[in-house]
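Per the numbering used here, residue 354 is the first one in the sequence shown, and the count goes up by one each step.
C-beta: ideal position from N, C-alpha, C; glycine also.
On a predicted model such as this, the values are computed, not experimentally measured, just so you know.
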Amino acid sequence: MPDFPPLKNDLILRVARGESTKRTPVWMMRQAGRYLPEYQKVRSKHEFFDVVGTPELAAEVTIQPIDRFDLDAAIIFSDILVIPQALGLEVQMVKGKGPHFPEPLRSPSDMSRLTEEPDVDEELGHVYDALTLTRHELDGRVPLIGFSGAPWTLMAYMIEGGGSKNYKRARAWLYEAPDAAHSLLQQTTDVIVDYLIGQVRAGAQMLQVFDSWAGLFGPQTFRTFALPYLKQIAERVKKECPDVPMVVFAKGAHYALEDLVETEYEIIGLDWTMDPKAARLVVGERATLQGNLDPCTLYGDGETIRRAVQDMLAGFGSHRHIANLGHGMHPDHDPEHARIFVDSVHEVSEQMRGV
354 MPDFPPLKND LILRVARGES TKRTPVWMMR QAGRYLPEYQ KVRSKHEFFD VVGTPELAAE
414 VTIQPIDRFD LDAAIIFSDI LVIPQALGLE VQMVKGKGPH FPEPLRSPSD MSRLTEEPDV
474 DEELGHVYDA LTLTRHELDG RVPLIGFSGA PWTLMAYMIE GGGSKNYKRA RAWLYEAPDA
534 AHSLLQQTTD VIVDYLIGQV RAGAQMLQVF DSWAGLFGPQ TFRTFALPYL KQIAERVKKE
594 CPDVPMVVFA KGAHYALEDL VETEYEIIGL DWTMDPKAAR LVVGERATLQ GNLDPCTLYG
654 DGETIRRAVQ DMLAGFGSHR HIANLGHGMH PDHDPEHARI FVDSVHEVSE QMRGV
């Protein structure tokens, strides 16, 4: 592993381990992105996947929010859809539309087009290079988070060909061709495991697995087509990287907390529709909870944001909580409102602890 600068702020890592701290750590999903003018300036000169694929640019935009806000973690600028790219599918980022697969998997026979055992180091080495460069350029200011999409969420995109309200094509596979679905989920899982282990070796100090479309499942379908692969990812990564905290964020899967807390993920992310008090009753002290302010709260004024932060922190309690949004920043958010959110977490959590 490269020789990195010593870490000056390990707050989020200590909370992930269940330690008591003087305040609640905070970061934001999509904190490096379109709402920042400095990011827009970079994007005015470079296409999205060019930024992802150029370590110097990825490092630059990763650090932009760290320079602007008093955050407790950076998350590497990349995209969950680099995994389908590594498997041989073309992915485009279309302005105003989002991700687009010109040739998605329309039937199980199309799986023959996937690269069976991709060289992950070769295909995704640009992400590793970006992580290593970012670790050095952060100079130990905060930990660096790596991430991947979850198998089901990636499968949904690969079959649907882009965004969808219900991903019915992908969900149809679960019933029409369950064996093919399991095969695709396992193939994706194998790549994710190698990818996440590679990210740690390159410099990631914490990992998050995004299952953005878990909420499309009912409980039994989740236990059949999502949970086994999420568990497998954590178990296999932990064998190689036992000291690196892992977050599972199964958006919309209210019913899954009891199942997820039995996995090897130390941190469970909650979206904004989940009640922190109810989640804490289920999880107890077995895991750290992360989340879960409604991102649309940041359209409110300063007082509205501060009150919402106060309510959120009261709901989670003063122990084993990482403050975050319940999903990502929106492109038209005011950066100053993000600042109010971050600063409010600092102020309110210190007040709660009597600091």
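Residue i versus residue j: straight-line alpha-carbon distance, rounded
i    : j    : result
W566 : T506 : 5 Å
V405 : G707 : 42 Å
L666 : F454 : 40 Å
L651 : S462 : 45 Å
P688 : L389 : 6 Å
Q704 : E617 : 32 Å
A640 : A631 : 14 Å
E443 : V435 : 10 Å
L360 : Y528 : 48 Å
P648 : V546 : 30 Å
N519 : D543 : 26 Å
H674 : N645 : 10 Å
D564 : W526 : 18 Å
L467 : A523 : 16 Å
L484 : R367 : 21 Å
P581 : V473 : 22 Å
Q417 : M446 : 22 Å
M627 : A579 : 19 Å
E346 : K394 : A question about residue 346 goes unanswered here, because the residues of the chain that appear run from 354 up to 708.
S702 : N362 : 17 Å
A369 : A587 : 15 Å
R396 : Q573 : 42 Å
D664 : R692 : 18 Å
K521 : L497 : 35 Å
H686 : Y392 : 13 Å
Minimum C-alpha distance to residue i - residue among the options
i    : options                   : result
A427 : L434, E513, C594 and V414 : V414
E700 : R659, G668 and G441       : R659
H479 : L410, A631 and L560       : L410
T541 : Y520, N519, A525 and Y510 : Y510
D312 : Y608, R488 and G637       : Nothing about residue 312 can be read from this structure; the chain reaches only from 354 to 708.
F694 : G670, V662, G668 and H674 : V662
K375 : H672, A691 and R692       : H672
A585 : V495, F669 and L538       : The question names Ala, yet the displayed sequence has Gln at residue 585. Ranking V495, F669 and L538 by Cα distance to Q585 puts L538 first.
H690 : A369, S373, N362 and Q384 : Q384
G670 : T574, T377, E400 and T626 : T377
F402 : D423, I433, R488 and R576 : I433
R459 : T574, M508, E400 and Q573 : M508
P504 : H535, R488, T487 and S431 : H535
S431 : T487, G441, G668 and V636 : T487
Pair within 9 Å by beta-carbon distance, residue i and residue j
i    : j    : result
L583 : A557 : no
C594 : V562 : no
Y548 : A676 : no
I365 : D425 : yes
L560 : V590 : yes
E470 : A412 : no
V601 : I620 : yes
M681 : G386 : For clarity, residue 681 is Gly in the given sequence; the question names Met instead. Yes, they are a contact pair.
G568 : L477 : no
L610 : M382 : no
E513 : P457 : yes
F570 : A606 : yes
V495 : V698 : no
D482 : P408 : yes
D654 : D423 : no
Whole-angstrom C-beta distance between residue j and residue i, which should lie under 8 Å
i    : j    : result
L642 : P629 : 7 Å
A533 : M464 : 7 Å
P358 : D492 : 5 Å
G516 : G451 : 5 Å
G371 : I429 : The Cβ separation is near 25 Å, so there is no contact.
**Item:** Runs of alpha helix (DSSP H) lying entirely within the region 525-568, each at least 4 residues, in chain order
**Value:** Runs of the alpha helix (DSSP H) inside the region 525-568: 531-555.
**Prompt:** Which ranges would you report for the beta strand (DSSP E) in the region 616-661 if only whole runs of at least 3 residues count?
**Reply:** Complete beta strand (DSSP E) runs here, min 3: 620-622 and 641-646.
**Request:** Can you check the region 406-461 for any beta strand (DSSP E) of at least 3 residues that lies completely inside it and give the ranges in chain order?
**Result:** Qualifying beta strand (DSSP E) stretches, in chain order: 445-447 and 451-453.
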